[in-house]
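Student: Take this structure, written in structure tokens, and hold onto it; I'll ask about it next.
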Amino acid sequence: MVSWDKPFTSVLRGQSLRTPPIWFMRQAGRYLPEYRAVRAKHPSFVDFCLHPEDAAEVTLQPIRRFDVDAAILFADILLIPHALGQGVRFVAGEGPLLEPTVTRELMERFDRASANTVLAPVFETVSRVRATLPKEKALIGFAGAPWTVATYMINGQGTKDPAATRRLVYADPAMIEQLMSILVDATADYLIGQAKAGADALKLFDSWAGGLPEDLFRRLCLDPSVEIARRVREAVDVPILYFPKGAGPLYTLAAAQDAFDGLAIDHALPPRWAKDALTSATALQGGLDPLLVVQGGDAMERAAKTLLETFADRPYIFNCGHGFVPETPPEHVAELVRIIRSF
Ligand code: 1CP
Numbered sequence: 097m098v099s100w101d102k103p104f105t106s107v108l109r110g111q112s113l114r115t116p117p118i119w120f121m122r123q124a125g126r127y128l129p130e131y132r133a134v135r136a137k138h139p140s141f142v143d144f145c146l147h148p149e150d151a152a153e154v155t156l157q158p159i160r161r162f163d164v165d166a167a168i169l170f171a172d173i174l175l176i177p178h179a180l181g182q183g184v185r186f187v188a189g190e191g192p193l194l195e196p197t198v199t200r201e202l203m204e205r206f207d208r209a210s211a212n213t214v215l216a217p218v219f220e221t222v223s224r225v226r227a228t229l230p231k232e233k234a235l236i237g238f239a240g241a242p243w244t245v246a247t248y249m250i251n252g253q254g255t256k257d258p259a260a261t262r263r264l265v266y267a268d269p270a271m272i273e274q275l276m277s278i279l280v281d282a283t284a285d286y287l288i289g290q291a292k293a294g295a296d297a298l299k300l301f302d303s304w305a306g307g308l309p310e311d312l313f314r315r316l317c318l319d320p321s322v323e324i325a326r327r328v329r330e331a332v333d334v335p336i337l338y339f340p341k342g343a344g345p346l347y348t349l350a351a352a353q354d355a356f357d358g359l360a361i362d363h364a365l366p367p368r369w370a371k372d373a374l375t376s377a378t379a380l381q382g383g384l385d386p387l388l389v390v391q392g393g394d395a396m397e398r399a400a401k402t403l404l405e406t407f408a409d410r411p412y413i414f415n416c417g418h419g420f421v422p423e424t425p426p427e428h429v430a431e432l433v434r435i436i437r438s439f
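Following our numbering, the numbering of the sequence shown begins with 97 at its first residue and continues without gaps.
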């Protein structure tokens, strides 16, 4: 069913709105005191993500505070490795740690059949949020794209050395192919589960898509993400956004795929170039440097207005080019929403 009543999904279906819908990556998170209060109850971040009541609460916090047009499910891209059976921990001040790092032996032991059972609390979070969210607000479900999740599984953490992952791709292509195939299956099932539980749109985060040669970008980022989108579409009718962060000119390859309804652009992509080169993408989203929201004031306002002017006559969703950082003042976010709504 097409949700024309929601500005966010109507843009993903191809409508241009004079005032674009707004939401922000990492709109729930450490910059919000009400988030930190709930976070403090959970020593384990994974347990927090799998606690439907608290995950639903923090999903809704930015809607209450800023009245943005979409809520993003509170979860993490690393729940898939957790559900498959790799140990995932979040260490304060250090970010995620996955142990042991993935090997052929570990892959053999992955419990692929039970992954969606482990992830069932996430589906419950989705149902709870959808039951509470006003009908004109969209709920975005998400997952990491296979290459980005594989990067964490191989390195054991965010990639300190992208060369090590690329070396493994060249040295053991069969292992990478097997890992990608496991991730395509698990991610497609997980996203279908989120859509069936009530997500209005889905987003695939390919945060480590940058810095790859074209053939690897096609093989590791685009092909698996398109395959996931194809499987999701076969099962459910929800729009899909893809975010190949840092892909530069290779964004044109993603724009040419009709598997995606929208492309999220990062802040390193020139907006003018994106407007002219990515015409085949139904909708574009994003582009503002999240550090300008830390700064606030005139610099933030000028950059936001440039984006609004550049994308005024095409389907566009306002967002940053990456997530908010913890030092973002919430009042700058409120000001940014006001600027966009009064443009
Ligand atoms: O201490 C804390 O509270 C942890 C901070 C945090 C939060 C709020 C993490 C750890 N994950 C999340 C939630 C989260 N992660 C959401 C939902 C909330 C929202 O956006 O409002 C989403 C969509 C993600 C997605 C995610 N997790 C990505 C893709 C987007 C991106 O930022 O590029 C990635 C790469 C992760 C891994 C991850 N999880 C957490 C951290 C600190 C990281 C990044 C580590 C690194 O830089 O390598």
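Glycine included, C-beta positions come from ideal geometry on N, C-alpha and C.
All of these numbers come straight from a predicted model, not from anything done at the bench.
Helix, strand or coil: which one does DSSP assign to G189?
Tutor: For the purposes of this step, residue 189 is identified with residue 93 of the sequence shown, where counting begins at 1. G189: coil per DSSP, three-state reduction.
Student: Kindly indicate which residue of L193, V198, L108 and S223 has the alpha-carbon position closest to the one of A151.
Tutor: Here residue 151 corresponds to residue number 55 of the sequence shown, with the count starting at 1. When only C-alpha atoms are compared, the closest one is S223.
Student: Distance check for G342 and A259, CA to CA, integer angstroms please.
Tutor: Residue mapping note: residue 259 aligns to position 163 of the sequence shown, counting from 1. Residue mapping note: residue 342 aligns to position 246 of the sequence shown, counting from 1. The alpha-carbon atoms of A259 and G342 are separated by roughly 16 Å.
Student: DSSP on Y61, reduced to helix/strand/coil?
Tutor: Outside the displayed span of the chain (97 to 439) sits residue 61, for which this structure offers no information.
Student: Using a Cβ-Cβ cutoff of less than 8 Å, which residues in the same chain neighbour P320 once the five nearest sequence positions on both sides are dropped?
Tutor: Reading the sequence shown from its first residue, position 224 is the one you call residue 320. For P320, where only same-chain residues beyond five positions count, the Cβ hits under 8 Å are A241, P242, W243, M276, L279 and V280.
Student: Could you round the C-beta distance between P367 and T424 to whole angstroms and report it? I think they count as a contact, below 8 Å.
Tutor: Along the sequence shown, one-based indexing puts residue 367 at 271. Along the sequence shown, one-based indexing puts residue 424 at 328. Actually they do not touch by this definition, with Cβ atoms about 21 Å apart.
Student: Buried or exposed for K299, please, with buried defined as at least 16 other CB atoms from any protein chain shown within 10 angstroms of its CB.
Tutor: For the purposes of this step, residue 299 is taken as the residue at position 203 of the sequence shown. Buried.
Student: Just how far apart, CA to CA, sit A180 and I173?
Tutor: The residue you call residue 180 lines up with position 84 of the sequence shown. The residue you call residue 173 lines up with position 77 of the sequence shown. The sequence as given places Leu at residue 180; Ala does not occur at that position. Looking at the two C-alpha atoms, the distance is approximately 13 Å.
Student: In chain order, what residues of the same chain lie with their CB nearer than 6 Å to the CB of T221, ignoring the 5 residues before and after it?
Tutor: Counting from 1 along the sequence shown, the entry for residue 221 is found at position 125. Around T221: P148, A151 and A152.
Student: Which same chain residues, not among the five before or five after P422, have their C-beta less than 8 Å away from its C-beta?
Tutor: In the sequence shown, residue 422 corresponds to position 326, counting from 1. Contacts found: G125, R126 and Y127.
Student: Apart from the five residues on each side of it in sequence, which residues of its chain come closer than 7 Å, Cβ to Cβ, to Q123?
Tutor: Counting from 1 along the sequence shown, the entry for residue 123 is found at position 27. The residues are P158, V164, I168 and F420.
Student: Give the single residue among L312, V134 and H138 whose Cα lies nearest to the Cα of V154.
Tutor: For this step, residue 154 is matched to residue 58 along the sequence shown. It is V134 whose Cα lies nearest to the Cα of V154.
Student: List the whole-angstrom C-beta distance separating P386 from D357, where the pair is believed to meet the contact cut-off of C-beta under 8 Å.
Tutor: Taking the sequence shown and counting its residues from 1, the one referred to as residue 386 is at position 290. Taking the sequence shown and counting its residues from 1, the one referred to as residue 357 is at position 261. About 23 Å separates the two Cβ atoms, so there is no contact after all.
Student: Hey, is D172 close to ligand 1, as in C-beta under 6 Å from one of its heavy atoms?
Tutor: Your numbering for residue 172 matches position 76 in the sequence shown. The answer is yes for D172.
Student: Between P192 and N251, what straight-line distance do the alpha-carbon atoms span, to the nearest angstrom?
Tutor: Residue 192 sits at position 96 when you count from the first residue of the sequence shown. Residue 251 sits at position 155 when you count from the first residue of the sequence shown. P192 and N251: Cα-Cα distance of roughly 11 Å.
Student: Can you tell me whether I413 sits near ligand 1, meaning its C-beta is under 6 Å from at least one heavy atom of the ligand?
Tutor: Against the sequence shown, residue 413 aligns to sequence position 317. Checking the Cβ of I413 against ligand 1 gives no.
Student: Would you decide whether S106 is buried or exposed? Buried here means 16 or more other CB atoms lie within 10 Å of its CB.
Tutor: Position 10 of the sequence shown, counted from the start, is the residue given in the question as residue 106. S106 comes out buried.
Student: Excluding the five sequence neighbours on either side, which residues of its own chain have a C-beta within less than 8 Å of the C-beta of N415, listed in chain order?
Tutor: For this step, residue 415 is matched to residue 319 along the sequence shown. Taken in chain order, the residues that qualify are I118, W119, F120, M121, A360, Q381, G382, G383 and L384.
Student: Between A124 and ligand 1, is the CB less than 6 Å from at least one heavy atom?
Tutor: For the purposes of this step, residue 124 is identified with residue 28 of the sequence shown, where counting begins at 1. True, at least one ligand heavy atom lies under 6 Å from that Cβ.
Student: Starting from F141, follow the alpha helix (DSSP H) in both directions and report where the run begins and ends.
Tutor: Within the sequence shown, the letter at position 45 stands for residue 141. F141 to C145 is the extent of the alpha helix (DSSP H) around F141.
Student: Measure the Cβ-Cβ separation of I236 and A331 and say whether it is below 7 Å.
Tutor: By one-based count along the sequence shown, residue 236 stands at place 140. By one-based count along the sequence shown, residue 331 stands at place 235. For I236 and A331, no; Cβs fall outside 7 Å.
Student: Rounded to whole angstroms, what is the Cα-Cα separation between A400 and R109?
Tutor: Your numbering for residue 400 matches position 304 in the sequence shown. Your numbering for residue 109 matches position 13 in the sequence shown. Roughly 23 Å between the two C-alpha positions.
Student: To test your reading of the DSSP string, which unbroken beta strand (DSSP E) runs of 3 or more residues are found completely within the region 266-311?
Tutor: Within the region 266-311, the complete beta strand (DSSP E) runs of at least 3 residues are 297-302.
Student: On the criterion of 16 or more Cβ atoms from any shown chain inside 10 Å, does G189 qualify as buried, or is it exposed?
Tutor: As a first step, residue 189 must be located in the sequence shown, where it is residue number 93. It is exposed - the Cβ of G189 has fewer than 16 other Cβ atoms within 10 Å.
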